[in-house]
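Have a look at the structure below, then the notes.
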Amino acid sequence: PTRLLQIQEQDSSGLRLIETTESTPKGPYLTLSHRWGKAQFKELTAKTLDDLKAGISVAILPKTFQDAISVARRLQVWYLWIDSLCIMQDSSEDWNREASQMSLVYQHGYCNIAATGALDSTAGLFLDGSAPLQTPCRVELPMWGDPQGREVSYVLDPDLWRNRIDNAPLITRAWVERFLAKRVLHFTKDQLFWECRERMACEAFPVQMFSPGSTTQFKNIIPRNRTSRNYFEGEYLSISKHGRHSIDSRECVWANILRCYKAANLTNSEDKGVALSGIIKVLEVRFSDQYTAGLWTGNLPFQLAWFLQGPKSSRDTKPPYCAPSWSCKSLAAFSFSSLSFVIYLLTYLRAIYK
1 PTRLLQIQEQ
11 DSSGLRLIET
21 TESTPKGPYL
31 TLSHRWGKAQ
41 FKELTAKTLD
51 DLKAGISVAI
61 LPKTFQDAIS
71 VARRLQVWYL
81 WIDSLCIMQD
91 SSEDWNREAS
101 QMSLVYQHGY
111 CNIAATGALD
121 STAGLFLDGS
131 APLQTPCRVE
141 LPMWGDPQGR
151 EVSYVLDPDL
161 WRNRIDNAPL
171 ITRAWVERFL
181 AKRVLHFTKD
191 QLFWECRERM
201 ACEAFPVQMF
211 SPGSTTQFKN
221 IIPRNRTSRN
231 YFEGEYLSIS
241 KHGRHSIDSR
251 ECVWANILRC
261 YKAANLTNSE
271 DKGVALSGII
281 KVLEVRFSDQ
291 YTAGLWTGNL
301 PFQLAWFLQG
311 PKSSRDTKPP
321 YCAPSWSCKS
331 LAAFSFSSLS
341 FVIYLLTYLR
351 AIYK
């Protein structure tokens, strides 16, 4: 990043802004994802730049920022990136320059701290202790067909991850950070969740949550979270005998990303475009393909097999122009045809360029 917040190791109340071209960081950095809300707090501007570089007290920052600094201290990571304090808020030139590099900021960060359960920056990260921790209930029953055997099951709300993480207000805004970051710590109202490119877990299931293959209820959640994240590392770039990436990986991952893009709750439409561009930069390398108007030129027939989704009233609502009408990116709500139908189409169709 161009700028980072340096946490003072000796002075627990000190924090200062550094320009990485002037002062090379001596270790990794964390990133923070949070909802701004309506609260007023110190931001990086032309007027505050010198004060921030000289050093400020952590006490003047909103609670979520203070808690993120505490987490960094516990992890012994002495650098932190927060958008409002590391990007000039009164300079469109600086914002555009930093926004173009934001995908790299999250990719190279040691971990992303997500205030997933907080409504705004004043709520903080840590729990107040009033909400009971949801723990799995252990049930032991006789094994079917073997009276001497015992079968142990653990029962937990099947929608725990969906309700706490997938449907959290922050995720509809900070979905790009979640895709790109190597690791994410989710602070929610009743427990801590975490995910990386290997697994998803929480305090109730600290080893692993929703193991693929053994918990069929989560078959629609696991591919969206794990496959998409692993895809950036190239694990799912399987090449077919025709020299194309498998439909099950590339096109399905992109369809899920577009759905997240459409669902993103960003007040500024330009922010949505910037958010998507960060992922596109990563995928252009992984796909070895060219992106245009919401589609990848390497396999157009599959991506043209979409249809309108939702009630007629919502389908008649046209979002601001962002792509040609034949691209699913131009729609507010869409879905793709079944995989078997697309495979049938690919038997007879090919893309012709003029």
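Read in the UniProt record's numbering, the sequence shown has 68 at position 68, and its numbers run on one by one without any break. Think of the CB as a built atom: it goes at the ideal place given N, C-alpha and C, for glycine as much as any other residue. Since the model is a prediction, treat every value here as computed from it, not as a measurement.
Checklist entry - CB A114 to CB T64, shorter than 7 Å? => result Their beta carbons are not under 7 Å apart, which means A114 does not touch T64 by this criterion.
Item to check | Cβ-based burial, Q303 [other Cβ within 10 Å; buried from 16] | outcome: Q303 comes out buried.
Checklist entry - According to DSSP, is I279 helix, strand or coil? => result Taken through DSSP and simplified to helix, strand or coil, I279 comes out as helix.
Checklist entry - Would a check of beta-carbon distances place S121 closer than 7 Å to chain C? => result Reference to chain C is not applicable here, since this structure consists of a single protein chain.
Next on the checklist: I'd like the ranges of any beta strand (DSSP E) spanning at least 3 consecutive residues and lying wholly in the UniProt domain "Heterokaryon incompatibility" (29-176).
Outcome noted: Taken in chain order, the whole beta strand (DSSP E) runs of length 3 or more contained in the UniProt domain "Heterokaryon incompatibility" (29-176) are 30-33, 79-81, 111-114, 137-143 and 146-155.
Item to check | Whole-Å CB distance - V105 paired with W144, under 8 Å assumed | outcome: With 8 Å as the limit, V105 and W144 do not qualify as a contact, their Cβ atoms being about 52 Å apart.
Item to check | First and last residue of the uninterrupted beta strand (DSSP E) at L15 | outcome: Secondary structure note for L15: its beta strand (DSSP E) is the uninterrupted segment G14 to E19.
Next on the checklist: Using the Cβ count rule (16 or more neighbours within 10 Å means buried), how would you classify S13?
Outcome noted: Counting C-beta atoms within 10 angstroms of its own C-beta, S13 has fewer than 16 neighbours from the protein chains shown and is therefore classed as exposed.
Checklist entry - Going by beta carbon distance, what residues of the same chain come within less than 8 Å of L44, once the five residues before and after it are set aside? => result Excluding its 5 nearest sequence neighbours in each direction, L44 has C-beta neighbours in its own chain below 8 Å: R3, L17, L52, S84, L85, C86, I87, M88 and Q89, listed in chain order.
Checklist entry - How about the region 275-289 and the region 96-110: do they share at least three Cβ pairs that are nearer than 8 Å? => result Yes, the region 275-289 touches the region 96-110.
Checklist entry - Just the Cα atoms here: how many angstroms apart are R74 and Q40? => result Within the model, the alpha-carbon separation for R74 versus Q40 is close to 27 Å.
Next on the checklist: Within 10 Å of its beta-carbon, does L180 have 16 or more other beta-carbons around it, so buried, or fewer, so exposed?
Outcome noted: Around the beta carbon of L180, 16 or more other beta carbons lie within 10 angstroms, which makes this residue buried.
Checklist entry - Would a C-beta distance cut-off of 7 Å place Y110 and V152 closer than the cut-off? => result No, the pair does not count as a contact, with Cβ atoms beyond the cut-off.
Next on the checklist: Would T135 and A204 be called neighbours here (beta carbons separated by less than 7 Å)?
Outcome noted: For T135 and A204, yes; Cβs fall inside 7 Å.
Checklist entry - According to the neighbour-count rule (16 or more other Cβ atoms, all chains shown, within 10 Å of its Cβ), is E177 buried or exposed? => result With a 10 Å radius around the Cβ and a threshold of 16 neighbouring Cβ atoms, E177 comes out buried.
Checklist entry - Per DSSP, what kind of secondary structure is T297 in: helix, strand or coil? => result Of the three classes helix, strand and coil, the one that applies to T297 here is helix, per DSSP.
Next on the checklist: So, at 6 Å on beta carbons, what are the nonlocal neighbours of Y231 in its own chain, with the 5 sequence-adjacent residues on each side left out?
Outcome noted: Summary for Y231: the model assigns pLDDT 44, below 50, so the residue's position carries little reliability, and this model does not support an answer.
Checklist entry - When the Cα of I257 is compared with those of P301, T172, Q290 and C196, which residue comes out closest? => result By alpha-carbon distance to I257, the top candidate from P301, T172, Q290 and C196 is T172.
Item to check | Contact belief for N299 with V184 at Cβ below 8 Å, rounded distance in angstroms | outcome: Not confirmed; about 30 Å, so no contact.
Next on the checklist: Quick check on A255: does DSSP put it in helix, strand or coil?
Outcome noted: A255: helix per DSSP, three-state reduction.
Item to check | Reduced DSSP secondary structure (H/G/I, E/B, other) of R286 | outcome: Helix at R286.
Checklist entry - Going along the chain, which residues of its own chain have a beta-carbon closer than 6 Å to the beta-carbon of Q164, five neighbours each way excluded? => result In the sequence as displayed, the identity of residue 164 is Arg instead of Gln. In its chain, beyond the 5 residues on either side, T188 have a beta carbon closer than 6 Å to the beta carbon of R164.
Next on the checklist: Does F193 come out as helix, strand or coil in the three-state DSSP assignment?
Outcome noted: Three-state DSSP puts F193 in a strand.
Checklist entry - Applying the criterion that 16 or more other CB atoms from any shown protein chain within 10 Å of the CB defines a buried residue, is E195 buried or exposed? => result Residue burial is scored here from C-beta neighbours: E195 has at least 16 other C-beta atoms within 10 angstroms and is therefore classed as buried.
Checklist entry - Is it right to say I60 is buried, meaning 16 or more other beta carbons lie within 10 angstroms of its own, or is it exposed? => result In this structure I60 is exposed. Its beta-carbon is surrounded by fewer than 16 other beta-carbon atoms within 10 angstroms.
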